[in-house]
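Trainee: Quick one: the structure is below, and I'll ask about it shortly.
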Amino acid sequence: MGKQTPLYDKHVVMGAKMVDFGGWEMPLRYGSQIDEHHQVRNDAGMFDVSHMSVVDFTGPDTRAFFRKLFANNVDRLQTAGKALYTCMLNEAGGVLDDLIVYFMDENWFRVVFNAATHDKDLAWVTEQVKSFDVEIAEPSNISMIAVQGPNARDKVCSVYDEPIRSTIADLAPFTGVQIDELFVSRTGYTGEDGFEIILPDNKVNDLWRSLYGVGVKPIGLGARDSLRLEAGMNLYGSDMDETTSPLESGLGWTVAKEPEDRDYIGRDALEKLRGEGASKKFVGLILEEKGVLRNHQKIFVNGLESGEITSGGFSPSLGKSIAFARVAKETAGTCKVEIRGKQVTATVVKLPFVRNGKAVQH
Numbered sequence: 009m010g011k012q013t014p015l016y017d018k019h020v021v022m023g024a025k026m027v028d029f030g031g032w033e034m035p036l037r038y039g040s041q042i043d044e045h046h047q048v049r050n051d052a053g054m055f056d057v058s059h060m061s062v063v064d065f066t067g068p069d070t071r072a073f074f075r076k077l078f079a080n081n082v083d084r085l086q087t088a089g090k091a092l093y094t095c096m097l098n099e100a101g102g103v104l105d106d107l108i109v110y111f112m113d114e115n116w117f118r119v120v121f122n123a124a125t126h127d128k129d130l131a132w133v134t135e136q137v138k139s140f141d142v143e144i145a146e147p148s149n150i151s152m153i154a155v156q157g158p159n160a161r162d163k164v165c166s167v168y169d170e171p172i173r174s175t176i177a178d179l180a181p182f183t184g185v186q187i188d189e190l191f192v193s194r195t196g197y198t199g200e201d202g203f204e205i206i207l208p209d210n211k212v213n214d215l216w217r218s219l220y221g222v223g224v225k226p227i228g229l230g231a232r233d234s235l236r237l238e239a240g241m242n243l244y245g246s247d248m249d250e251t252t253s254p255l256e257s258g259l260g261w262t263v264a265k266e267p268e269d270r271d272y273i274g275r276d277a278l279e280k281l282r283g284e285g286a287s288k289k290f291v292g293l294i295l296e297e298k299g300v301l302r303n304h305q306k307i308f309v310n311g312l313e314s315g316e317i318t319s320g321g322f323s324p325s326l327g328k329s330i331a332f333a334r335v336a337k338e339t340a341g342t343c344k345v346e347i348r349g350k351q352v353t354a355t356v357v358k359l360p361f362v363r364n365g366k367a368v369q370h
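Residue numbers for the sequence shown follow my numbering, beginning at 9 and rising by one.
Rendered as structure tokens:
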């Protein structure tokens with residue numbers, strides 16, 4: 009049996025289909041996955057993301073350590089609570105993980121790692137930190153709920169009294185705030201507005217119940233995946249991993265080129281790849297025929313193999329199948345995808361597919 013979050017019993021009582029996800033027993037769906045998807049796009053839904061790894065880095069060398077550890081530049085973080093999305097690379101420029109780092113003060117940064125990479129990430133940072141005056145600690149007995157959708161923030165605010173309500177109501181995008189034992193950030197993984205809330209285990213069931221009481225419905229991993237796919241958000245282990253660089257994964261924007269003398273791990277490999285020119289690029293696909301795009305399906309252009317799908321599935325918002333793909337850099341216009349031995353036509357587009365709840369016109 010996998011690990012269970014403090015909300016496990018709630019999921020079971022609410023009729024969730026539970027599945028293994030990175031060693032955790034998590035809800036795949038509570039009913040219709042498509043209905044859950046539309047609930048988030050049109051109103052508000054809540055996700056149990058307590059399996060995510062929250063790690064605090066403290067000490068006088070923390071900023072200097074992160075300058076070396078991350079591909080994005082933490083010197084962009086100067087305002088308390090401000091967050092930065094970045095990749096953590098190996099020496100070959102491969103992606104060890106993608107993550108969010110929060111600047112709380114000069115001696116305290118908070119990082120949220122992916123659940124499935126917890127052990128690998130902690131082993132890596134523990135090895136790299138040895139020459140820096142930094143302490144690494146994982147807060148114990150905490151849970152996390154993500155509330156997403158156009159009405160998410162208003163509904164979260166409605167379950168809190170002052171001064172919490174006014175504090176989080178004014179929170180800027182990609183910013184977090186610590187209020188006593190509560191940490192709230194205006195971040196998410198759906199392309200919609202909302203909050204991610206970290207709180208003590210013994211308070212999470214009450215919050216879940218309160219949110220449900222104001223019409224925030226529970227959402228499973230299935231809809232979370234279709235939402236992030238529409239929003240053009242990568243999934244670690246599918247769209248990038250240790251063998252692929254950010255430049256080949258649509259994440260070049262997370263790699264800070266300046267300052268030129270910042271010696272972060274993986275920089276030499278990325279600079280070499282830039283100089284040579286990456287042979288692959290990361291694109292979106294919209295299937296123009298019947299069928300469903302799935303991970304690892306092969307892509308062909310003029311009869312020659314061009315690449316493969318990294319993430320694929322049905323888009324409830326578009327009513328079509330969509331995918332991310334890593335393809336030859338000259339791939340454009342249309343391509344063929346091999347589905348069960350048959351080649352079907354797909355249109356090559358820029359990501360995302362959906363923005364602010366509406367289909368992007370490509």
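Glycine is no exception: its CB is placed at the ideal position from the N, C-alpha and C atoms.
For the beta strand (DSSP E) that residue 151 lies in, which residues bound it at each end?
Mentor: That run of the beta strand (DSSP E) goes 150 to 156.
Trainee: Please report the residue range of the alpha helix (DSSP H) in which residue 44 lies.
Mentor: Start and end: 41 to 50.
Trainee: Per the contact definition of three or more C-beta pairs closer than 8 Å, is the stretch 213 to 224 in contact with the stretch 303 to 312?
Mentor: No: fewer than three Cβ pairs fall under 8 Å.
Trainee: Give, in chain order, every unbroken run of the alpha helix (DSSP H) that is at least 4 residues long and sits entirely within the stretch 274 to 321.
Mentor: Taking only runs of at least 4 residues, the alpha helix (DSSP H) segments lying wholly in the stretch 274 to 321 are 275 to 284.
Trainee: At what residues does the alpha helix (DSSP H) containing residue 167 begin and finish?
Mentor: No alpha helix (DSSP H) holds residue 167; DSSP gives it neither H nor E.
Trainee: Tell me, please, which residues DSSP counts as bridged to residue 32.
Mentor: Per DSSP, 11, 29.
Trainee: Whose C-beta lies closer than 7 Å to the C-beta of residue 201 among residues of the same chain, with five residues either side of it excluded?
Mentor: The residues are 158, 160, 161.
Trainee: Based on DSSP bridge pairs, tell me the residues matched to residue 206.
Mentor: Answer by DSSP bridge pairing, in chain order: 152, 191.
Trainee: Given a cut-off of 8 Å, decide if residue 347 and residue 333 are closer than it, judged by their beta-carbon atoms.
Mentor: Taking 8 Å as the Cβ cut-off, residue 333 and residue 347 do not qualify as a contacting pair.
Trainee: Among 23, 314, 112, 360, which residue has its Cα nearest to the Cα of residue 239?
Mentor: Per the Cα distances, 360.
Trainee: Determine the direct distance from the alpha carbon of residue 78 to that of residue 276, and round the result to whole angstroms.
Mentor: Straight-line Cα distance between these residues: approximately 13 Å.
Trainee: Using three-state DSSP, classify residue 136 as helix, strand or coil.
Mentor: Three-state result, residue 136: helix.
Trainee: Could you tell me whether the Cβ atoms of residue 226 and residue 45 are closer together than 8 Å?
Mentor: The answer is no: Cβ separation not under 8 Å.
Trainee: Give the range of the beta strand (DSSP E) segment to which residue 76 is assigned.
Mentor: First-last for residue 76: 70 to 77, but that is the alpha helix (DSSP H), not the beta strand (DSSP E).
Trainee: Is the distance from the Cβ of residue 12 to the Cβ of residue 33 below 8 Å?
Mentor: Cβ atoms of residue 12 and residue 33: closer than 8 Å.
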